[in-house]
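Take a look at the structure below.
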Amino acid sequence: MKQFSDNADRVAVEGFLYYEAAVLDEWKLDAWLDLMADDAVYLVPPNESPDSDPNDTLFIIADDIHRIRSRVKRLKSPDAHAEYPPSRTRRLITNVRILDSSEREVKATSNFSVHRFRRGGKGGVYVGRYIHRLVRSGDSFKIAERRAILDAEELGALGAVSFIL
Amino acid sequence: MLFAAGKTNRTFGHYLLMHLEPYIIDNPAQDDFRLNRETLVDPKILQLEKCRVFDTCWIYAGHDSEVAMPGDFITRNVAGRPVIMTRDSQSEMRLFLNTCRHRGAKVCRERSGNTKRFYCFYHGWSYNNDGALVAVPGDDAYPDSFDRSELGLMEVPRFEQYRGFWFACFDRNIPDLETYLEGAKEYIDLVVDQSPTATMEIITGVQEYDVEANWKLLVENSFDDYHLHSTHSTWLEYMRDAGVNIKVPKGEGLVLPKRGIGKNLGNGHAVIDNLNFRGRPVAAWISIYGEEAKPIVEAAKTELVDRLGEKRAERVANTNRNLFVFPNLMINDGSSVTVRTFWPAEVDRMEVTAWALGPVDESREMRRVRLDAFLTFYGPGGFATPDDVEALMQVQRGIAETVNEVPWSVMTRGIAKEGEQLNSDELHLRTFWRRWNELMTGETAAAAE
Chain U
1 MKQFSDNADR VAVEGFLYYE AAVLDEWKLD AWLDLMADDA VYLVPPNESP
51 DSDPNDTLFI IADDIHRIRS RVKRLKSPDA HAEYPPSRTR RLITNVRILD
101 SSEREVKATS NFSVHRFRRG GKGGVYVGRY IHRLVRSGDS FKIAERRAIL
151 DAEELGALGA VSFIL
Chain L
166 MLFAAGKTNR TFGHYLLMHL EPYIIDNPAQ DDFRLNRETL VDPKILQLEK
216 CRVFDTCWIY AGHDSEVAMP GDFITRNVAG RPVIMTRDSQ SEMRLFLNTC
266 RHRGAKVCRE RSGNTKRFYC FYHGWSYNND GALVAVPGDD AYPDSFDRSE
316 LGLMEVPRFE QYRGFWFACF DRNIPDLETY LEGAKEYIDL VVDQSPTATM
366 EIITGVQEYD VEANWKLLVE NSFDDYHLHS THSTWLEYMR DAGVNIKVPK
416 GEGLVLPKRG IGKNLGNGHA VIDNLNFRGR PVAAWISIYG EEAKPIVEAA
466 KTELVDRLGE KRAERVANTN RNLFVFPNLM INDGSSVTVR TFWPAEVDRM
516 EVTAWALGPV DESREMRRVR LDAFLTFYGP GGFATPDDVE ALMQVQRGIA
566 ETVNEVPWSV MTRGIAKEGE QLNSDELHLR TFWRRWNELM TGETAAAAE
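Chains U and L supply the protein sequences, listed in that same order.
Position 45, counted from 1, in the first sequence is what this note's numbering calls 45; the numbers after and before it change by one each time, with no gaps.
Here this note's numbering runs 165 ahead of the position in the second sequence, where the first position is 1.
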């Protein structure tokens with residue numbers, strides 16, 4: 001583990017992650033899709049096995065770009081019953097660290113606490129860490145891989161990951 | 166005191182109601198079947214269920230593959246009890262209650278692992294993986310009557326398997342597992358026969374989540390085809406967008422005569438048995454798997470035909486089944502194989518545990534397709550399961566405080582039909598409720614349907 005990292009990268013990544021959190025909290029899902037690289041993947045590994053590979057382990061979510069787009073389409077529909085009316089969420093993102101950096105891409109980890117509220121439904125606090133693999137794109141980034149790793153031993157009372165975590 | 170406060174009054178009212186009203190009204194001759202909603206909301210009924218249903222049936226405990234090597238163990242709750250399932254050093258399968266015979270602490274706290282011994286950290290008693298008590302610190306203080314041989318880990322009274330599925334039973338008097346399973350065996354065979362090695366395995370990545378609803382609502386939901394189009398329209402749309410033909414097939418020579426049937430398998434077990442038309446990793450390719458997977462899925466079909474013959478291969482490869490093993494195991498064999506069990510933590514909250522099951526020695530590419538297909542529909546991040554969870558929660562919230570005014574749910578779909586009933590009828594749901602009612606009341610269901 002590197003103790004320090006380049007400040008410029010970290011500041012840029014923080015800005016990007018805060019923006020991503022803001023569009024998700026505002027349910028601007030098309031704006032979120034615009035952040036994706038053409039071969040982006042979105043992963044939520046099983047609580048039991050957080051560092052595993054979706055090719056041989058059952059994940060909670062393992063979307064390629066096609067299913068990411070389908071997920072957004074679904075979530076925008078009033079027939080996505082688990083998210084209708086949509087959850088209110090508030091994401092707190094901290095402890096941003098750069099794990100790896102090259103001319104082409106940056107890999108960053110951050111801690112998250114996503115608070116979810118629903119009218120007449122189930123809320124909860126989803127706690128964990130993100131690992132983002134970000135491809136440099138102009139003066140910003142595109143998401144190549146986005147892994148949301150939950151800390152809880154099991155999903156339990158949280159019930160489902162029906163929104164974008 | 167009973168009549169002093171409104172709340173207590175209501176509870177007393179419930180008590181009276183339950184002695185006047187049956188759990189179900191079952192009268193197929195009059196085309197009538199109704200369910201008393203109290204069965205879904207009354208904590209006293211849950212207490213009774215634990216004794217009369219869960220303690221008198223074979224309850225799914227785990228799969229052979231979860232403890233493949235001598236010394237392997239897993240811990241979980243089965244029929245509400247904390248247990249250790251282990252393969253001991255002589256390869257004997259064991260199911261222990263996870264409690265020290267001394268003061269009662271759990272002797273194993275890991276989720277899984279491999280060990281020769283289970284050790285209680287409280288006072289240091291330790292047990293071999295065959296259950297024998299082998300070390301008691303300071304045992305010179307015990308009297309002569311202290312007999313270690315009687316203080317091994319307590320085994321669950323009965324522990325038997327069928328084709329790799331292990332079940333526990335706390336009742337010494339009911340028939341053995343194979344007799345208990347009745348017609349469910351045929352469907353377990355269909356699931357396991359898809360494996361070239363005739364063995365299946367649990368795939369890493371258990372899904373454990375709560376549903377804030379009575380457990381019996383998930384029994385119904387897990388094989389209720391009636392709700393597909395209204396609850397899961399976004400999933401159907403996703404399949405259609407991906408180029409999958411979601412229309413029911415028509416024509417001659419189909420494996421099953423109709424669009425899908427609901428069937429009573431005896432002893433409370435039931436199934437919906439459907440023609441496949443939305444893809445199966447073994448073995449019916451659809452566009453969503455990707456072109457590169459096509460030859461692999463086709464090769465799996467060829468292997469089935471070689472091993473099982475044309476007819477049986479078609480049955481295994483081109484039909485789906487949602488199999489319910491009474492009282493709380495579902496094996497859904499369709500877009501992938503899901504094993505799902507659930508336990509009522511409270512009258513309005515169940516704990517669900519779900520796994521993906523796949524053939525042992527499956528190729529990496531086939532495993533990838535299987536897992537991917539699982540996630541399109543199933544699980545807490547799938548395109549369908551969260552909507553089921555939402556539906557069950559809304560049912561529970563809908564009935565909890567209206568049960569006095571709206572006491573009955575109607576469950577008569579298909580009841581007037583002669584002969585076979587469809588997967589979207591409710592024969593299979595009634596099958597569950599009739600058996601449940603028999604166990605709860607001791608009354609044999611009068612009517613056959």
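C-beta: ideal position from N, C-alpha, C; glycine also.
Quantities reported herein were computed from a predicted structural model and do not represent experimental measurements.
Open item on the list: Contact defined as beta carbons within less than 8 angstroms: I believe Leu594 (chain L) pairs with Asp389 (chain L). What is the distance between those atoms, to the nearest angstrom?
Closed with: Looking up residue 594 (chain L) in the second sequence gives position 429. Looking up residue 389 (chain L) in the second sequence gives position 224. A Cβ-Cβ separation of about 7 angstroms places Leu594 (chain L) in contact with Asp389 (chain L) under the 8 angstroms criterion.
- [ ] Since I believe Gly499 (chain L) is in contact with Met365 (chain L) (beta carbons under 8 angstroms), could you give me their beta-carbon distance rounded to a whole number of angstroms?
- [x] Residue 365 (chain L) sits at position 200 when you count from the first residue of the second sequence. Residue 499 (chain L) sits at position 334 when you count from the first residue of the second sequence. About 15 angstroms; that fails the 8 angstroms criterion.
Task: Ser256 (chain L) classed as buried or exposed, judged by whether at least 16 other C-beta atoms fall within 10 angstroms - done: Residue numbering aside, residue 256 (chain L) sits at position 91 when the second sequence is read from its first letter. Exposed, because fewer than 16 other Cβ atoms sit within 10 Å of the Cβ of Ser256 (chain L).
Open item on the list: Just list the residues that DSSP pairs Asn192 (chain L) with in beta bridges.
Closed with: Here residue 192 (chain L) refers to the residue found at position 27 when the second sequence is read from its first residue. The bridge partners DSSP lists for Asn192 (chain L) are L:Asp197.
TODO: Would you mind giving the Cβ-Cβ distance between Ser574 (chain L) and Leu211 (chain L), rounded to the nearest angstrom? I have them listed as a contact below 8 angstroms.
DONE: Within the second sequence, the letter at position 409 stands for residue 574 (chain L). Within the second sequence, the letter at position 46 stands for residue 211 (chain L). That pair is no contact at about 18 angstroms.
Task: Run of the alpha helix (DSSP H) containing Val384 (chain L), from where it starts to where it stops - done: Stepping through the second sequence from its first residue, residue 384 (chain L) is reached at position 219. First-last of the alpha helix (DSSP H) with Val384 (chain L): 380-387.
Task: Reference Ala174 (chain U), options U:Tyr19, U:Ile164, U:Gly124, closest by Cα - done: As displayed, chain U neither begins before 1 nor continues past 165, which places residue 174 (chain U) out of reach and without an answer.
Open item on the list: Suppose you measure from the CA of Val191 (chain L) to the CA of Arg486 (chain L); what does that come to, to the nearest Å?
Closed with: The residue given as residue 191 (chain L) occupies position 26 in the second sequence. The residue given as residue 486 (chain L) occupies position 321 in the second sequence. The displayed chain sequence assigns Asp, not Val, to residue 191 (chain L). Rounded to whole angstroms, Asp191 (chain L) to Arg486 (chain L) spans 26 angstroms at the Cα level.
- [ ] Report the rounded CA-to-CA distance for Val96 (chain U) versus Tyr18 (chain U), giving the unit in angstroms.
- [x] Here residue 96 (chain U) refers to the residue found at position 96 when the first sequence is read from its first residue. Here residue 18 (chain U) refers to the residue found at position 18 when the first sequence is read from its first residue. Those two C-alpha atoms are separated by around 11 angstroms.
Task: Interface partners of Asp79 (chain U) on chain L, CB under 7 angstroms - done: Along the first sequence, read from residue 1 onward, the residue named residue 79 (chain U) stands at position 79. Near Asp79 (chain U) (Cβ distances below 7 angstroms), the residues of chain L are Ser398, Thr399.
Open item on the list: Taking 6 angstroms as the limit between beta carbons, can you name the residues of its chain near His132 (chain U), skipping five residues before and five after?
Closed with: Start at 1 with the first residue of the first sequence, and residue 132 (chain U) comes out as number 132. Taken in chain order, the residues that qualify are Ala108, Arg146.
TODO: Below 9 angstroms between beta carbons is the criterion; list the residues of the region 82-114 of chain U that meet it against any residue of chain L, in chain order.
DONE: Residues Ala82, Glu83, Tyr84.
Open item on the list: To the nearest angstrom, how far is the alpha carbon of Ser101 (chain U) from that of Asp151 (chain U)?
Closed with: Indexing the first sequence from 1 puts residue 101 (chain U) at position 101. Indexing the first sequence from 1 puts residue 151 (chain U) at position 151. Ser101 (chain U) and Asp151 (chain U) have their C-alpha atoms spaced approximately 26 angstroms apart.
Open item on the list: Can you find the residues in the same chain that come closer than 7 angstroms, C-beta to C-beta, to Val243 (chain L), ignoring five residues on each side of it along the sequence?
Closed with: Sequence index remark: in the second sequence, residue 243 (chain L) carries index 78 (1-based). The residues are Ile224, Ala226, Ala333.
Task: Per DSSP, the bridge partner or partners of Asn439 (chain L) - done: In the second sequence, the residue the question calls residue 439 (chain L) occupies position 274. Looking at the DSSP output, Asn439 (chain L) shares a beta bridge with L:Gly425, L:Asn485.
Task: Where the region 499-525 of chain L meets chain U: residues whose CB sits under 7 angstroms from a CB there - done: So the close ones are Ala521.
Task: Alpha carbon of Glu603 (chain L) to alpha carbon of Ser387 (chain L), nearest angstrom - done: The residue you call residue 603 (chain L) lines up with position 438 of the second sequence. The residue you call residue 387 (chain L) lines up with position 222 of the second sequence. So the two alpha carbons sit approximately 22 angstroms from each other.
Open item on the list: Can you find the residues in the same chain that come closer than 7 angstroms, C-beta to C-beta, to Thr609 (chain L), ignoring five residues on each side of it along the sequence?
Closed with: Taking the second sequence and counting its residues from 1, the one referred to as residue 609 (chain L) is at position 444. Only Glu603 meet the Cβ criterion.
- [ ] Output the distance between the C-alpha atoms of Leu473 (chain L) and Ala465 (chain L), rounded to the nearest integer angstrom.
- [x] In the second sequence, the residue the question calls residue 473 (chain L) occupies position 308. In the second sequence, the residue the question calls residue 465 (chain L) occupies position 300. Looking at the two C-alpha atoms, the distance is approximately 12 angstroms.
Open item on the list: The beta strand (DSSP E) that contains Pro551 (chain L), what's its start and end?
Closed with: As a position in the second sequence, residue 551 (chain L) is number 386, starting the count at 1. That residue, Pro551 (chain L), is in no beta strand (DSSP E); its alpha helix (DSSP H) goes 550-565.
Open item on the list: Could you tell me the alpha carbon to alpha carbon distance between Ala169 (chain L) and Tyr292 (chain L), rounded to whole angstroms?
Closed with: The count along the second sequence starts at 1 and reaches residue 169 (chain L) at position 4. The count along the second sequence starts at 1 and reaches residue 292 (chain L) at position 127. Summary for Ala169 (chain L): the model assigns pLDDT 37, below 50, so the residue's position carries little reliability; its value from the coordinates is reported in the next sentence. Spanning the alpha carbons of Ala169 (chain L) and Tyr292 (chain L) requires a straight line of approximately 53 angstroms.
- [ ] Would you kindly report the start and end of the unbroken beta strand (DSSP E) that includes Leu134 (chain U)?
- [x] Locating residue 134 (chain U) in the first sequence gives position 134, where the first residue counts as 1. Leu134 (chain U) -> beta strand (DSSP E) spans 124-137.
- [ ] Using a threshold of 8 angstroms, state whether the C-beta atoms of Arg505 (chain L) and Ala519 (chain L) are closer than that.
- [x] Looking up residue 505 (chain L) in the second sequence gives position 340. Looking up residue 519 (chain L) in the second sequence gives position 354. In this structure, the beta-carbon distance from Arg505 (chain L) to Ala519 (chain L) falls below 8 angstroms.
Task: Sequence-distant residues of its chain with Cβ nearer than 6 angstroms to Thr362 (chain L) (five each side left out) - done: Taking the first residue of the second sequence as 1, we reach residue 362 (chain L) at position 197. Same-chain partners within the cutoff: Val525, Asp526.
Open item on the list: Looking at the secondary structure, which residues open and close the alpha helix (DSSP H) in which Glu14 (chain U) lies?
Closed with: As a first step, residue 14 (chain U) is located in the first sequence; it is residue number 14 there, counting from the start. Note, Glu14 (chain U): alpha helix (DSSP H), 7-25.
Task: Selection from L:Leu382, L:Trp601, L:Val218, L:Arg477 that minimises the alpha carbon distance to Val356 (chain L) - done: Mapped onto the second sequence, residue 356 (chain L) falls at position 191. If you compare the alpha carbons of L:Leu382, L:Trp601, L:Val218, L:Arg477 with that of Val356 (chain L), the shortest gap goes to L:Arg477.
Open item on the list: Taking CB distances under 8 angstroms as the criterion, tell me whether Phe542 (chain L) reaches chain U.
Closed with: Against the second sequence, residue 542 (chain L) aligns to sequence position 377. Taking Cβ atoms only, chain U never reaches closer than 8 angstroms to Phe542 (chain L), which makes this a no.
Open item on the list: Please state whether the Cβ-Cβ distance between Leu536 (chain L) and Ile339 (chain L) is less than 8 angstroms.
Closed with: The residue labelled residue 536 (chain L) in the question sits at position 371 within the second sequence. The residue labelled residue 339 (chain L) in the question sits at position 174 within the second sequence. Leu536 (chain L) places its beta carbon 8 angstroms or farther from that of Ile339 (chain L).
Task: Residues that Val122 (chain U) contacts on chain L, provided the C-beta gap is smaller than 8 angstroms - done: For this step, residue 122 (chain U) is matched to residue 122 along the first sequence. The question names Val, but residue 122 (chain U) is Lys in the sequence shown. Neighbours of Lys122 (chain U) on chain L, chain order: Glu377, Met558.
Task: Outcome for Thr204 (chain L) when other beta-carbon atoms lying within 10 angstroms are tallied against a minimum of 16 - done: Position 39 of the second sequence, counting from 1, holds the residue named residue 204 (chain L). Burial call: buried.
TODO: Could you tell me the boundaries of the beta strand (DSSP E) in which Arg276 (chain L) lies?
DONE: Taking the second sequence and counting its residues from 1, the one referred to as residue 276 (chain L) is at position 111. Under the DSSP assignment, Arg276 (chain L) falls outside any beta strand (DSSP E); it carries neither an H nor an E label.
- [ ] Take the Cβ of Lys172 (chain L) as the centre, count every other Cβ of all protein chains shown within 10 Å, and call the residue buried at 16 or more, exposed below.
- [x] By 1-based counting over the second sequence, the position of residue 172 (chain L) is 7. With a pLDDT of 40 at Lys172 (chain L), under the threshold of 50, the modelled position of that residue is not reliable, and the figure given next carries that caveat. With fewer than 16 Cβ atoms within 10 Å of its Cβ, Lys172 (chain L) is classed as exposed.
TODO: Give me the Cβ distance between Arg259 (chain L) and Gly296 (chain L), rounded to the nearest whole Å; I'm assuming they're in contact under 8 angstroms.
DONE: Along the second sequence, one-based indexing puts residue 259 (chain L) at 94. Along the second sequence, one-based indexing puts residue 296 (chain L) at 131. About 6 angstroms separates the two Cβ atoms, so the contact holds.
Open item on the list: Once DSSP output is grouped into helix, strand and coil, what is the label at Asn55 (chain U)?
Closed with: Walking along the first sequence from the start, residue 55 (chain U) turns up at place 55. DSSP places Asn55 (chain U) in coil when its eight states are reduced to three.
Task: Beta bridge counterpart(s) of Arg147 (chain U) as assigned by DSSP - done: Sequence index remark: in the first sequence, residue 147 (chain U) carries index 147 (1-based). DSSP lists U:Leu43, U:Ile131 as the bridge partner or partners of Arg147 (chain U).
TODO: Quick one: measure Cβ to Cβ for Arg337 (chain L) and Asp354 (chain L), integer angstroms, because I've assumed they're closer than 8 angstroms.
DONE: Locating residue 337 (chain L) in the second sequence gives position 172, where the first residue counts as 1. Locating residue 354 (chain L) in the second sequence gives position 189, where the first residue counts as 1. No, Arg337 (chain L) and Asp354 (chain L) are not in contact; Cβ-Cβ is about 28 angstroms, not under 8 angstroms.
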